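Chains as they are written, first to last, in the numbering used here: chain A, 63 to 173; chain B, 4 to 115. Note that beta-carbon positions come from the ideal geometry of N, C-alpha and C, so glycine has one too. Note that this is a predicted model, so its numbers are computed, not measured.
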Amino acid sequence: SQQGEEDPQALSIQEGENATMNCSYKTSINNLQWYRQNSGRGLVHLILIRSNEREKHSGRLRVTLDTSKKSSSLLITASRAADTASYFCATFVRGAQKLVFGQGTRLTINP
Amino acid sequence: EAQVTQNPRYLITVTGKKLTVTCSQNMNHEYMSWYRQDPGLGLRQIYYSMNVEVTDKGDVPEGYKVSRKEKRNFPLILESPSPNQTSLYFCASAPGAYYEQYFGPGTRLTVT
Numbered sequence: 063s064q065q066g067e068e069d070p071q072a073l074s075i076q077e078g079e080n081a082t083m084n085c086s087y088k089t090s091i092n093n094l095q096w097y098r099q100n101s102g103r104g105l106v107h108l109i110l111i112r113s114n115e116r117e118k119h120s121g122r123l124r125v126t127l128d129t130s131k132k133s134s135s136l137l138i139t140a141s142r143a144a145d146t147a148s149y150f151c152a153t154f155v156r157g158a159q160k161l162v163f164g165q166g167t168r169l170t171i172n173p
Numbered sequence: 004e005a006q007v008t009q010n011p012r013y014l015i016t017v018t019g020k021k022l023t024v025t026c027s028q029n030m031n032h033e034y035m036s037w038y039r040q041d042p043g044l045g046l047r048q049i050y051y052s053m054n055v056e057v058t059d060k061g062d063v064p065e066g067y068k069v070s071r072k073e074k075r076n077f078p079l080i081l082e083s084p085s086p087n088q089t090s091l092y093f094c095a096s097a098p099g100a101y102y103e104q105y106f107g108p109g110t111r112l113t114v115t
């Protein structure tokens, strides 16, 4: 079952612009995580936000979490060509020990 | 270097021929997991393990087996592979449940 749904499915922007991706989920969560995947390679963890947190920053990344709307957003500021990748949100459902991924957003940064 | 390794990286096999994909981590992590990734379906969890001898089903366990006899290893076994198991497989580990996961490089499996 898909817990997380991401929007948009694909995003293409110019280098230097900001990129925003959204994630919605269905059930109560322990935490929500964002991962990046470059072209069929392994996923790399970007940021984890707990259910009692509303916002978190890491370098050029900003993640928000709204548990009342069951949604999260990932903002990448001042995008670079190297940010071209697929981005996935994943949720740890409260009471379960398994991580459920969304289908991802494919981000393309044009030079 | 802290890492998760998977072998083989690429495998082409025939229907019904048993195979094992190995996964090993050197971070002393308690939690390990297997995922498959298919176009349009994202990553789906197959099995996970909270610790040695403790495993549980994920969302798509049918046709797969796992074992966790040692903390560092978590092999994925396909006893009788079928073409619908053609996919990209990822192993991951974490210090425990609810933590960020570290992924291996992936195993691309084709079953003909």
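Requested in this report: Could you give the DSSP three-state label for G78 of chain A: helix, strand or coil?
Outcome: Counting from one through the first sequence, the residue named residue 78 of chain A turns up at place 16. G78 of chain A: coil per DSSP, three-state reduction.
Query - 8 Å Cβ cut-off: residues of chain A touching P108 of chain B - result: Along the second sequence, one-based indexing puts residue 108 of chain B at 105. Within chain A, the residues whose beta carbon sits less than 8 Å from that of P108 of chain B are R103, G104, listed in sequence order.
Requested in this report: Measure the alpha-carbon distance for S85 of chain B versus T18 of chain B and round it to whole angstroms.
Outcome: The residue labelled residue 85 of chain B in the question sits at position 82 within the second sequence. The residue labelled residue 18 of chain B in the question sits at position 15 within the second sequence. Rounded to whole angstroms, S85 of chain B to T18 of chain B spans 5 Å at the Cα level.
Query raised in the report: Does the beta carbon of A5 of chain B come closer than 7 Å to any beta carbon on chain A?
Result: Taking the first residue of the second sequence as position 1, residue 5 of chain B is located at position 2. Closer than 7 Å: no.
**Report entry** Cβ-heavy atom distance, D62 of chain B to the ligand ADP, below 6 Å
**Finding:** You won't find the ligand ADP in this model; it holds no ligand whatsoever.
Query raised in the report: Would you say Y50 of chain B faces chain A, with C-beta separation under 7 Å as the test?
Result: Here residue 50 of chain B corresponds to residue number 47 of the second sequence, with the count starting at 1. Under the Cβ criterion of 7 Å, Y50 of chain B is not counted among the residues facing chain A.
Report task. Alpha carbon to alpha carbon, how far is S113 of chain A from F77 of chain B? Give it in angstroms, no decimals. Result -> Locating residue 77 of chain B in the second sequence gives position 74, counting from the first residue. Locating residue 113 of chain A in the first sequence gives position 51, counting from the first residue. Approximately 29 Å, taken between the alpha carbons.
Query raised in the report: Checking contacts by CB at 7 Å: is Y92 of chain B closer than that to chain A?
Result: Indexing the second sequence from 1 puts residue 92 of chain B at position 89. Taking Cβ atoms only, chain A never reaches closer than 7 Å to Y92 of chain B, which makes this a no.
Report task. Assign I80 of chain B to buried or exposed, taking buried as 16 or more other Cβ atoms, counted over all protein chains shown, within 10 Å of its Cβ. Result -> Indexing the second sequence from 1 puts residue 80 of chain B at position 77. By the neighbour-count rule (16 or more Cβ atoms within 10 Å), I80 of chain B is not buried but exposed.
Query raised in the report: Just to confirm, are S70 of chain B and V7 of chain B a CB contact at a threshold of 7 Å?
Result: In the second sequence, counting from the first residue as 1, residue 70 of chain B sits at position 67. In the second sequence, counting from the first residue as 1, residue 7 of chain B sits at position 4. Not closer than 7 Å, so no.
Query raised in the report: So V7 of chain B is in the beta strand (DSSP E); what residue range does that whole segment cover?
Result: The residue labelled residue 7 of chain B in the question sits at position 4 within the second sequence. Secondary structure note for V7 of chain B: its beta strand (DSSP E) is the uninterrupted segment 7–10.
Query raised in the report: What are the boundary residues of the beta strand (DSSP E) that includes R98 of chain A?
Result: Within the first sequence, the letter at position 36 stands for residue 98 of chain A. R98 of chain A -> beta strand (DSSP E) spans 91–99.
Query raised in the report: Which residues bound the beta strand (DSSP E) around A147 of chain A?
Result: The sequence position of residue 147 of chain A within the first sequence is 85, counting from 1. Note, A147 of chain A: beta strand (DSSP E), 147–155.
Report task. Specify whether the region 148–165 of chain A and the region 93–101 of chain A touch according to this definition: at least 3 beta carbon pairs, one from each stretch, less than 8 Å apart. Result -> Contact between the region 148–165 of chain A and the region 93–101 of chain A is present, because at least three Cβ pairs lie under 8 Å.
Query raised in the report: Among all the DSSP beta bridges, which residues are the ones paired with A144 of chain A?
Result: In the first sequence, counting from the first residue as 1, residue 144 of chain A sits at position 82. Beta-bridge pairing links A144 of chain A to no other residue.
Query - Where the beta strand (DSSP E) containing R111 of chain B begins and where it ends - result: Numbered from its first residue, the second sequence carries residue 111 of chain B at position 108. 110–114 is the span of the beta strand (DSSP E), which, as asked, contains R111 of chain B.
Query raised in the report: Are the C-beta atoms of L46 of chain B and some chain A residue less than 7 Å apart?
Result: In the second sequence, residue 46 of chain B corresponds to position 43, counting from 1. Closer than 7 Å to the CB of L46 of chain B there is at least one CB belonging to chain A.
Requested in this report: Identify every run of the alpha helix (DSSP H) within the region 26–98 of chain B, keeping only runs that are complete inside it and at least 4 residues long; order them along the chain.
Outcome: Whole alpha helix (DSSP H) segments, 4+ residues: zero.
Query - Cutoff 7 Å: Y101 of chain B Cβ touching any chain A Cβ - result: In the second sequence, residue 101 of chain B corresponds to position 98, counting from 1. Yes - at least one Cβ of chain A is within 7 Å of the one on Y101 of chain B.
**Report entry** Short CB-CB distance (under 7 Å) between G61 of chain B and chain A
**Finding:** Within the second sequence, the letter at position 58 stands for residue 61 of chain B. For G61 of chain B, the answer is yes, since a Cβ of chain A falls inside 7 Å of its Cβ.
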